[in-house]
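Scroll down for the structure; my scribbles are underneath it.
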Amino acid sequence: MASSGVPDDLRIALERLAAVERLLVALDFDGVVAPIVDRAEQARPLAETATAVAELAALAGTWTAYVSGRSLASLVEVASPDARTLLIGSHGAEVRLGAEEHPVVLDRDQQEALDALHLAFAEVSSRAQGTWVEEKPAGRVLHTRQADPEVAEAAVGAARERLASRRDVFLKTGKQVLEGSVVHATKGEGIAFLRQVTEADAVLFAGDDVTDEDGFVALDDGDVGIKVGDGDTAAGFRVAGPQNIAKAMALLVTLRAELGAQRTP
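Per my numbering, numbering through the sequence shown is continuous, rising by one, with the last residue being 1505.
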């Protein structure tokens, strides 16, 4: 471990990234920028990470983004993002690029599927103490973090069984959540879109959940993927928790600012 608190192999990768002309730094929010909490609305970014993201966004040739499964409205509420930070919500179904926002628009069939999804999750949750349902523009999330493990497992199984016959509802299992969406979108697609928009030469993406693996798989040679916490991953690097991401982002600010100063005549 380097003196900066960043593993030596990751520090070397950050030094390489800091030198590219156009850099995109994309971060999942929950479990990466903000510690995991029992209730989604209680999450807040670590101050050190929020500061580093804002400082990165101010550097030449550098773009920052939050790539989250949250709805855009929820992400904005809890993250209070810097105005320059690009936002991907609902796993890529919602996008905000500065003042330009692309909300989800459902057709009649998708709205019918969303109604069926809501009914299934709501009825399952009503019988499973400690679970609750979060509403998103294109989906619903069955939260089980506060339920007993046996209750949580049974609730997820019941919800999956109720929706098994539907081909218009896409289910994703995350950390103590089951998410259903009527719009097929992944964080990998979100990152690919941001790469295109920013014309980035390299991308850093950090995530902690199963759904973030789509983002890691979408990375190219020369990019950096950072898995936060335990679990199998396609990411090339791993850190223990959000505090480590805060240190890594602070280091990246320093490295990129120093290189930028050297380029200035």
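Ideal Cβ placement from N, Cα and C applies to all residues, glycine included.
With DSSP collapsed to three states, give me the class of residue 1299. Of the three classes helix, strand and coil, the one that applies to residue 1299 here is coil, per DSSP.
How about residue 1332 and residue 1458: are their beta carbons less than 8 angstroms apart? Not closer than 8 angstroms, so no.
CB residue 1285 to CB residue 1313, shorter than 8 angstroms? No; because the gap between Cβ atoms is not below 8 angstroms, this pair is not in contact.
On a CA-only basis, which of 1446, 1288, 1310, 1366 is nearest residue 1279? Give me that one, please. Restricting attention to 1446, 1288, 1310, 1366, the CA atom closest to the CA of residue 1279 is found in 1310.
Which residue or residues does DSSP assign as beta-bridge partners of residue 1383? 1372, 1417, per the DSSP bridge assignment.
CA-to-CA distance, residue 1335 to residue 1489, given in whole angstroms: For residue 1489 and residue 1335, the gap between their C-alpha atoms comes out near 23 angstroms.
Simplified DSSP assignment, three categories, for residue 1278: In the three-state reduction of the DSSP assignment, residue 1278 falls in the coil class, being assigned neither a helical nor a strand state.
Three-state class that DSSP yields for residue 1426 in the structure shown: It is coil, neither helix nor strand.
Three-state class that DSSP yields for residue 1455 in the structure shown: If DSSP states are grouped into helix, strand and coil, residue 1455 belongs with the helices.
With 16 other CB atoms within 10 Å as the buried threshold, where does residue 1383 fall? It is buried - the Cβ of residue 1383 has at least 16 other Cβ atoms within 10 Å.
Using only alpha-carbon positions, find the residue among 1442, 1357, 1370 that is nearest to residue 1401. Among 1442, 1357, 1370, the Cα nearest to that of residue 1401 belongs to 1357.
If you measure between the beta carbons of residue 1381 and residue 1344, is that distance less than 8 angstroms? No.
Could you tell me the alpha carbon to alpha carbon distance between residue 1258 and residue 1294, rounded to whole angstroms? The alpha-carbon separation between residue 1258 and residue 1294 amounts to approximately 16 angstroms.
When we look at the beta-carbon of residue 1438 and count the other beta-carbons within 10 Å, is it buried (16 or more) or exposed? It is buried - the Cβ of residue 1438 has at least 16 other Cβ atoms within 10 Å.
Using DSSP with H/G/I as helix, E/B as strand and the rest coil, what is residue 1349? Helix.
From this set, 1263, 1283, 1264, which residue's C-alpha is nearest residue 1272's C-alpha? Nearest C-alpha to residue 1272: 1283.
Mind checking residue 1448: buried by the 16 CB within 10 Å criterion, or exposed? Flag for residue 1448 reads buried.
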